[in-house]
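So the structure is just underneath, and the comments pick up after that.
In our numbering, the protein residues as written are 4 to 188.
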């Protein structure tokens with residue numbers, strides 16, 4: 004009876020580039036490029052500024068310049084910043100909204116696919132409404148008392164559309180703002 008010898012099959016050698024497999028090398032290039040591009044974008048877009056309350060951070064992408072300019076002339080300029088009105092006041096909610104808004108704003112700026120004029124999203128409008136209520140709660144009890152759902156609630160910006168951004172962004176008539184200014188004097 005002939006004796007059988009067992010031979011082990013060797014796995015085919017993987018191709019290597021600089022000591023890494025080709026797949027590993029390509030993956031390293033892709034990941035490195037993403038981190039490099041992300042780092043450059045974060046630096047160019049002044050990403051750290053978005054962690055502050057400074058309203059100047061909101062004009063980093065230039066399309067918000069009219070809103071920033073009009074806020075500086077509006078009645079709430081001395082008492083509220085962009086963050087006070089447009090982000091939730093709780094710590095977790097604020098940073099979730101900042102991340103979501105940051106993504107959407109950077110996508111819109113990069114791809115130039117933002118609507119003009121800029122339109123507030125439903126979620127952001129709900130946050131804005133809640134912040135109006137939180138700051139002016141003592142004044143609103145009678146107005147909000149009959150509202151059983153958010154749909155029945157009177158939206159603050161329906162009557163007070165020039166409070167946050169004045170006239171520069173087309174939220175009301177210029178004559179209305181002029182009349183309001185005369186009445187205050």
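Idealized CB from N, CA, C, for every residue including glycine.
The three-state reading of DSSP puts residue 84 in coil, since its state is none of H, G, I, E or B. Following the DSSP letters along the chain, one finds residue 79 in no alpha helix (DSSP H), marked with neither H nor E.
Residue 85 and residue 139 have their C-alpha atoms some 17 Å from each other. The beta-carbon separation of residue 93 and residue 134, rounded to 11 Å, does not stay under the 8 Å limit for a contact. Note on geometry: alpha-carbon atoms of residue 163 and residue 33 lie some 49 Å from one another. Nearest in C-alpha terms to residue 115, of all of 80, 159, 66, 123, is 66. The beta carbon of residue 52 lies closer than 8 Å to those of 59, 60, 63 in the same chain, with the five residues before and after it left out. Scanning 126, 91, 95 for the CA closest to the CA of residue 107 turns up 126. Following the DSSP letters along the chain, one finds residue 132 inside the alpha helix (DSSP H) bounded by residues 125 to 138.
Counting along the chain, residue 92 sits inside no alpha helix (DSSP H), nor does DSSP assign it H or E at all. Contact between residue 77 and residue 161 fails: their C-beta atoms lie close to 17 Å from each other, not under 8 Å. Here residue 90 is buried: its Cβ has 16 or more other Cβ atoms, across all protein chains shown, within 10 Å.
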